[in-house]
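Undergrad: Following the working numbering, the numbering of the sequence shown begins with 1158 at its first residue and continues without gaps.
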Amino acid sequence: MTDNGPILVTGAAGQTGAVGRTVCGLLLDRGLPVRAMVRREDERAAALRAAGAEVVVGDLLEPGDVYRVVSGCRRVFFGMSVSAGYLEATVTMAVVAREVGVDAVVNMSQMTVSQMSIQNTTSSGQQRQHWLSEQVLAWSGLPVVTIRPTMFLESFFQLAAPAVRARGRIEVPFGRGKTSPVAATDVARVVAAVLADPGPHLGLIYELTGPRSQDMHGVAREFSDALNREITYSDIPAEDWERGIKKWGVPEHLTRHLVAMGELHRAGRYDRLADGVERLTGRPPMSVREFVSLHAEEFGGRRL
Ligand SMILES: NC(=O)c1ccc[n+]([C@@H]2O[C@H](COP(=O)([O-])OP(=O)(O)OC[C@H]3O[C@@H](n4cnc5c(N)ncnc54)[C@H](OP(=O)(O)O)[C@@H]3O)[C@@H](O)[C@H]2O)c1
1158 MTDNGPILVT GAAGQTGAVG RTVCGLLLDR GLPVRAMVRR EDERAAALRA
1208 AGAEVVVGDL LEPGDVYRVV SGCRRVFFGM SVSAGYLEAT VTMAVVAREV
1258 GVDAVVNMSQ MTVSQMSIQN TTSSGQQRQH WLSEQVLAWS GLPVVTIRPT
1308 MFLESFFQLA APAVRARGRI EVPFGRGKTS PVAATDVARV VAAVLADPGP
1358 HLGLIYELTG PRSQDMHGVA REFSDALNRE ITYSDIPAED WERGIKKWGV
1408 PEHLTRHLVA MGELHRAGRY DRLADGVERL TGRPPMSVRE FVSLHAEEFG
1458 GRRL
């Protein structure tokens, strides 16, 4: 292990939540050396480099790449986009981190894992892989810190923004199920706090949610307040939701995951509250209203 080596951040380019990208910025702001792993050279890689990160290109499913990027690092943030090879990538990272020796691995998981066991699983392959990944990391003996956020507020860009812009409606099949989405930026602030000083956190699991759990009518009211126009919630049939997702042309793994997320919401399994964000960062998590205000243009703009 290198005591003063950089902190490796995987998934650093960023797609949905871009937790890795935000973590890179927060660590650089603290004056810590960052090695940012991306899948390809593009404008996102250039921006990371311009911000001061050492950018390395590699595939988390290629053991040789993973060995190359972990070597010389003292700590690792492991996260990547929802994908079919998630468990394989986690196991590869665990094998390499054991071989190289690091003083902390901060693992991105999901809050659903808190409710899972051998007898009680979900139909999402992603959630099953996170559950198995956590088991493997526990067996590995590595110094691990587990981050379990609930649904990201940033998911609304994909799941809600088009209908909010077009019809002033949030169209999701969540029934009367409550939800407490958390900002990926808050998740990143937690991850950065842990990476900066992992010692007190080793072996711990942090559950992260937004500040309140409410049904989608409540969420729609916060949208309305933020956009100064009426946004309503429309509980659509699960089949319409699945048909709509399939039209996006996303991989089957992600489709299955989003369909499962809808079912679990409907069943009340996203009705959660946890204080991880405030406990680790000293600041309360961002509300739906604050998030939508910050990104009003994406949701069709705020009425003056
Ligand atoms: N979205 C949610 O609501 C939610 C809620 C709780 C937990 N989570 C968890 O959060 C994680 C996703 O975090 P995020 O949204 O911050 O990720 P993200 O921004 O969607 O993706 C991070 C990066 O992973 C990279 N990547 C994918 N496959 C790779 C590979 N084989 N090798 C190297 N890089 C690869 C992608 O690169 P390219 O962009 O170049 O393809 C992407 O930029 C997942 O573990 C998910 O289960 C998500």
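All C-beta atoms in this analysis are idealised placements derived from N, C-alpha and C, irrespective of residue type, glycine included.
1. Cβ of Phe1234 within 7 Å of any heavy atom in ligand 1?
2. Put Ala1453 into one of helix, strand or coil per three-state DSSP.
3. Is any non-hydrogen atom of ligand 1 found closer than 7 Å to the C-beta of Met1467, if you look at the structure I gave you?
4. Taking the Cβ atom as the reference point for each residue, do Ala1126 and Arg1232 lie within a distance shorter than 8 Å?
5. Tell me whether Phe1235 sits in a helix, a strand or coil according to DSSP, three-state version.
6. Give the straight-line distance between the Cα atoms of Arg1192 and Gly1401, rounded to the nearest whole angstrom.
7. Could you give the residue range of the beta strand (DSSP E) that holds Tyr1390?
8. At the level of alpha carbons, what is the spacing between Asp1432 and Thr1366?
9. Between the C-alpha atoms of Gln1267 and Pro1319, what's the straight-line distance to the nearest angstrom?
10. Could you give the distance in angstroms between the alpha-carbon of Gly1334 and the alpha-carbon of Met1308?
11. Within 7 Å: the Cβ of Gln1276 and any heavy atom of ligand 1?
12. I want to check one thing, is the minimum distance from the CB of Asp1260 to the heavy atoms of ligand 1 below 7 Å?
13. Return yes when the C-beta of Ser1240 is under 7 Å from any heavy atom of ligand 1, and no when it is not.
14. Could you tell me the alpha carbon to alpha carbon distance between His1287 and Tyr1243, rounded to whole angstroms?
TA: Well, looking at it:
1. In the sequence shown, the residue the question calls residue 1234 occupies position 77. No, since every heavy atom of ligand 1 falls outside the 7 Å radius drawn around the Cβ of Phe1234.
2. Looking up residue 1453 in the sequence shown gives position 296. Ala1453: helix per DSSP, three-state reduction.
3. Residue 1467 cannot be examined here, being either before or after the span of the chain that is shown, 1158 to 1461.
4. Within the shown structure, residues of the chain are numbered from 1158 to 1461, placing residue 1126 beyond reach of any answer.
5. If you number the sequence shown from 1, residue 1235 lands on position 78. Residue state, collapsed to three classes: strand.
6. Working through the sequence shown from its first residue, we reach residue 1192 at position 35. Working through the sequence shown from its first residue, we reach residue 1401 at position 244. So the alpha carbons of these two residues sit roughly 38 Å apart.
7. Working through the sequence shown from its first residue, we reach residue 1390 at position 233. For Tyr1390, the enclosing beta strand (DSSP E) stretches over residues Thr1389 to Asp1392.
8. If you number the sequence shown from 1, residue 1432 lands on position 275. If you number the sequence shown from 1, residue 1366 lands on position 209. So the two alpha carbons sit approximately 7 Å from each other.
9. Reading the sequence shown from its first residue, position 110 is the one you call residue 1267. Reading the sequence shown from its first residue, position 162 is the one you call residue 1319. Spanning the two alpha carbons is a distance of roughly 25 Å.
10. For the purposes of this step, residue 1334 is taken as residue 177 along the sequence shown, with counting starting at 1. For the purposes of this step, residue 1308 is taken as residue 151 along the sequence shown, with counting starting at 1. Taken atom to atom, the span from the alpha-carbon of Gly1334 to that of Met1308 is near 13 Å.
11. Mapped onto the sequence shown, residue 1276 falls at position 119. No, since every heavy atom of ligand 1 falls outside the 7 Å radius drawn around the Cβ of Gln1276.
12. The count along the sequence shown starts at 1 and reaches residue 1260 at position 103. Not under cutoff, so the answer is no.
13. Against the sequence shown, residue 1240 aligns to sequence position 83. Yes, the beta carbon of Ser1240 sits closer than 7 Å to at least one heavy atom of ligand 1.
14. Here residue 1287 is taken as the residue at index 130 of the sequence shown, counted from 1. Here residue 1243 is taken as the residue at index 86 of the sequence shown, counted from 1. Taking the straight line from one Cα to the other gives about 8 Å.
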